[in-house]
Amino acid sequence: MPEFNDVAVYQPTTQAYFKKLKSYGSSGVLVKLTQGSASGTAYVNISAKSQLASARAVGLPVGAYHYLTCNSSRYGAGDPVAEAQWFVKHLKSHGIKETEPVIVDVEDGSLMTNPTKDVKAFVSYVESQGYKNVWVYTMGSWFGNRLSTSLTKRWWIAWYGISKLPISAKAWQYTDNWKRIGVDGSIDYNGVMFKYDDGKVTTKTKKASYYGWNPKLVQALTPIGIYKDVEFKHRVRYFKAGTQFKIKSVAKSKAGTPRLVTESGFYITANRTNVRNWYYVTNPKSVTIIKSTYLYKDKGRTKRVRKYGKGTVFTITGVIRWGDIWLLKTESGFYLTANKDYVRINS
């Protein structure tokens, strides 16, 4: 399994140093970039620019991390976002790419007893700015205790003095004296720290599953970009996970990759890993209303039967596509929306 290092102001900045790390087997370097916020400690590692440049010069992949000190219970709900804004500002000024790993270091004693909410706010803001490969670093004793395990899928855990990491994580920092040269060393399980699949066609992603038909309404499962062109060369902006898009058609890139064309005429990925259809298109058999909605006598939804509230259960006999939407046909012969915001399948 590949190993990597993380450095701060205490480590050298020279190419010779990073060449040495590479010769010892390092597969990448994470550089401490910031700490606090613009209105707080406003810390920036003065060696970061040189360390990043030297690592890149010798062919080492790079990323950056922020040391978290926020506390929303003490300084207000905006404190985590203020730190995230400080981090993002310097990610951009230091040339950290959107797919390179960016990490929030969660270990400081000034944090709340359970800082999950603050960390989530920090990560959400960083992702909203287009950074896709966001990780959470913490100590093994905090994992599942002071931090919820559901916070992220990209955990980097520090735990020294053991032969095997006893919890599920994608990376493990196991020493602060890697190869006896006074630098932190970590194991990168499956080599995922410095690799990110952005959904574009590569050898790895050609087998990805795409929508080849118009799903009409989709929800983003991950932060995704919206583009002016089908080739994804001119991005307009990023949208966070959970954003919904109305789709008017499906197009294909020159390489044959399906793209979804939004109602506003822009393009988003059709990769099912990144977006999901927001209507039931196969018979769910039985559904429960989760948001008040009407039952109709006709497919055109001009003749209402009545409004049904949350918790009402319907038996479904079929799914019907009607214009730009899908409808569920109930056992009584009436029609109900198939939109997942309003109905949920009964297990």
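Residue numbers for the sequence shown follow my numbering, beginning at 247 and rising by one.
By construction, the Cβ of each residue, glycine as well, lies at the ideal position given by its N, Cα and C atoms.
Where residue i sits in the DSSP three-state scheme
| i | result |
| --- | --- |
| residue 336 | helix |
| residue 440 | coil |
| residue 365 | helix |
| residue 425 | helix |
| residue 446 | Confidence at residue 446 is low in this model, with a pLDDT of 44, below 50, so its placement is unreliable and the value that follows should be read with caution. Note: residue 446 maps to coil in three-state DSSP. |
| residue 281 | strand |
| residue 257 | coil |
| residue 375 | coil |
| residue 515 | strand |
| residue 295 | helix |
| residue 399 | coil |
| residue 475 | coil |
| residue 303 | helix |
| residue 224 | Within the shown structure, residues of the chain are numbered from 247 to 593, placing residue 224 beyond reach of any answer. |
According to DSSP, residues forming a beta bridge with residue i
| i | result |
| --- | --- |
| residue 404 | 385, 419 |
| residue 584 | Per DSSP, none; premise fails for residue 584. |
| residue 504 | 498 |
| residue 250 | 432 |
| residue 312 | 280, 350 |
From the options, residue whose alpha carbon lies closest to that of residue i
| i | options | result |
| --- | --- | --- |
| residue 562 | 574, 553, 477, 554 | 574 |
| residue 317 | 260, 363, 357 | 357 |
| residue 581 | 564, 590, 591, 587 | 564 |
| residue 544 | 566, 283, 430 | 566 |
| residue 461 | 369, 590, 493 | 493 |
| residue 585 | 314, 540, 410, 552 | 540 |
| residue 360 | 338, 339, 389 | 389 |
| residue 387 | 277, 285, 413 | 413 |
| residue 589 | 257, 577, 308, 555 | 555 |
| residue 373 | 404, 393, 406, 337 | 337 |
| residue 300 | 276, 283, 322 | 276 |
| residue 534 | 521, 441, 520, 560 | 560 |
| residue 391 | 269, 528, 362, 411 | 362 |
| residue 400 | 376, 437, 375 | 437 |
| residue 497 | 507, 551, 378 | 507 |
Minimum Cβ-Cβ distance from residue i to chain B less than 8 Å
| i | result |
| --- | --- |
| residue 465 | The structure shown has no chain B; it contains just one protein chain. |
Exposed unless 16 or more other CB atoms sit within 10 angstroms - verdict on residue i
| i | result |
| --- | --- |
| residue 320 | exposed |
| residue 549 | exposed |
| residue 348 | buried |
| residue 464 | buried |
| residue 352 | buried |
| residue 423 | exposed |
| residue 260 | exposed |
| residue 406 | exposed |
| residue 408 | exposed |
| residue 470 | buried |
| residue 271 | exposed |
| residue 569 | exposed |
| residue 455 | exposed |
| residue 439 | buried |
| residue 490 | exposed |
When the Cβ atoms of the stretch 344–358 are set against those of the stretch 295–306, are three or more pairs found closer than 8 Å?
Taking a contact to require three or more Cβ pairs closer than 8 Å, the stretch 344–358 and the stretch 295–306 do not qualify as touching.
Any contact of the stretch 470–480 with the stretch 512–520, i.e. 3+ C-beta pairs under 8 Å?
Touching, per the Cβ criterion.
Is there contact here, the stretch 359–379 with the stretch 330–341, by at least three beta-carbon pairs under 8 Å?
A contact is defined here as three or more CB-CB pairs under 8 Å, and the stretch 359–379 meets this definition with respect to the stretch 330–341.
Would you call the stretch 428–442 and the stretch 248–266 touching, i.e. three or more CB-CB distances under 8 Å?
Short answer: they touch.
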